[in-house]
Amino acid sequence: MDMNSFSTMMPTSPLSMINQIKFEDERDLKELFITVDKPESYVTTIETFITYSIMTKSSRGEFDSSEFAVRRRYQGFLWLKGKLEEAHPTLIIPPFPEKFIVKGMVEHFNDDFLETCRKALHKFLSRTADHPTLTFNKVFKIFLTKQGPGLLSRMGPTVRTVPQLKDILKNRLEEFMEMNNFIEIFSQKTNLIDKISWRIFKEEREYFDEMKEYGPIHILWLVSEEDLVDTLKDVDSCIDRCCKATEKWMFGLSEALLPVVHEYVLYSEMLVGVMKRRDQIQAELDSKVEALTYKKADSDLHFSKADIPAANKHEKMLINTNHRRNANQNHSEIFVSYQSE
1 MDMNSFSTMM PTSPLSMINQ IKFEDERDLK ELFITVDKPE SYVTTIETFI
51 TYSIMTKSSR GEFDSSEFAV RRRYQGFLWL KGKLEEAHPT LIIPPFPEKF
101 IVKGMVEHFN DDFLETCRKA LHKFLSRTAD HPTLTFNKVF KIFLTKQGPG
151 LLSRMGPTVR TVPQLKDILK NRLEEFMEMN NFIEIFSQKT NLIDKISWRI
201 FKEEREYFDE MKEYGPIHIL WLVSEEDLVD TLKDVDSCID RCCKATEKWM
251 FGLSEALLPV VHEYVLYSEM LVGVMKRRDQ IQAELDSKVE ALTYKKADSD
301 LHFSKADIPA ANKHEKMLIN TNHRRNANQN HSEIFVSYQS E
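For what it's worth, full-length UniProt numbering labels the leading residue of the sequence shown as 1, then goes sequentially.
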């Protein structure tokens with residue numbers, strides 16, 4: 001691929017928001033290998049929660065060892081995400097899975113839910129480790145390596161509330177206005193596709209359950225209808241094939257489509273958060289520049305007022321000096337005239 005043609009396909013955006021680009025001939029220099037597995041449920045008198053084992057292998061010199069093993073609960077992962085956003089407000093943090101990621105699941109601690117959540121958390125840490133900036137974050141290193149219950153007890157949510165800056169921000173660049181509009185439209189469309197995909201999956205599930213109910217009925221029907229044996233067998237066989245096809249279709253939806261679409265939803269939410277934090281930084285900068293301008297204007301006004309009394313004082317000193325000179329001259333003339341007499 002021509003490098004010039006490649007560069008023209010890249011969207012124009014601030015450097016801090018461009019993800020890492022890896023070329024095909026670039027060597028894989030991965031230094032962190034992270035595995036999230038072995039979920040365990042804990043039930044206490046206050047709460048019920050799940051912890052996950054995190055195995056980390058590293059070849060970096062700043063790590064004390066080459067292998068680490070810790071256990072973290074979901075709240076700890078959420079704490080890490082908040083700290084990364086706080087340290088890098090204009091970077092796109094990898095999408096984070098919701099607490100109850102599997103929709104329509106009644107039992108939140110069954111095997112399917114634990115496996116789905118484990119995969120999502122594993123993907124979150126792996127993408128963070130592959131990020132050129134986030135991978136060297138000190139908090140990320142602490143999360144992967146530090147042991148002890150005291151660390152987990154301090155891991156509270158660090159979600160910062162971003163104020164509404166729509167009316168405060170006045171000088172947003174046109175580039176960011178276009179980007180905001182694009183993200184808003186993109187978010188609406190991805191959310192709509194996500195809802196439609198889940199609705200299709202739900203209807204397919206209901207259709208599958210109904211066919212599983214009606215299939216055995218035709219087999220029982222054979223006993224009382226000898227003349228319809230072949231017909232009922234064919235109907236039962238057709239329903240069985242439809243069940244298998246529907247099950248295969250649902251598996252494809254749940255494995256290939258639904259997670260990908262929902263990941264786009266999470267990315268769009270992350271982009272909205274990044275743009276809000278960027279607007280907050282710009283609003284703070286505009287506020288400080290405006291305050292500095294007012295302060296400079298007040299200082300200039302103060303100096304201009306201070307110059308007026310100084311000028312008046314100088315004029316008075318000149319007048320007094322002239323008076324003294326005139327008086328001395330008069331005294332000299334009187335003294336000379338007296339001597340001449």
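All residues carry an ideal CB built from backbone N, CA and C; glycine is no exception.
As the structure is a prediction and not an experimental result, all values here were calculated from the model.
L173 carries a coil assignment under DSSP once its states are collapsed to helix, strand and coil. Taking a cut-off of 8 Å on C-beta distances, the stretch 239-255 touches the stretch 206-214, as three or more cross pairs fall below it.
By the Cβ-count criterion, F96 is buried, with 16 or more other Cβ atoms from all chains shown falling within 10 Å of its own Cβ. Counting only residues of its own chain and dropping the five nearest sequence neighbours on each side, R71 has a CB closer than 6 Å to the CB of T51, S53.
C-alpha of Y207 to C-alpha of L232: approximately 20 Å in a straight line.
With respect to the C-alpha of L134, the residue from I93, I142, F251 having the closest C-alpha is I93. Taken through DSSP and simplified to helix, strand or coil, E255 comes out as helix. The criterion of a C-beta distance shorter than 7 Å is not satisfied by S254 and S187. When secondary structure is reduced to three states using DSSP, F68 falls in the strand class. Bridge pairing for T51: E40, R73 [DSSP]. Collapsing the DSSP output to three states places F63 in coil. Taking R205 as the centre and dropping the five residues before and after it, the same chain places the C-beta of M250 closer than 7 Å to its C-beta, in chain order. Relative to M55, the option among R118, P216, V235, S41 whose CA is nearest is R118.
By the CB criterion at 7 Å, F143 and L80 fall inside the cutoff.
At a Cβ-Cβ threshold of 7 Å, V289 and T190 do not count as neighbours.
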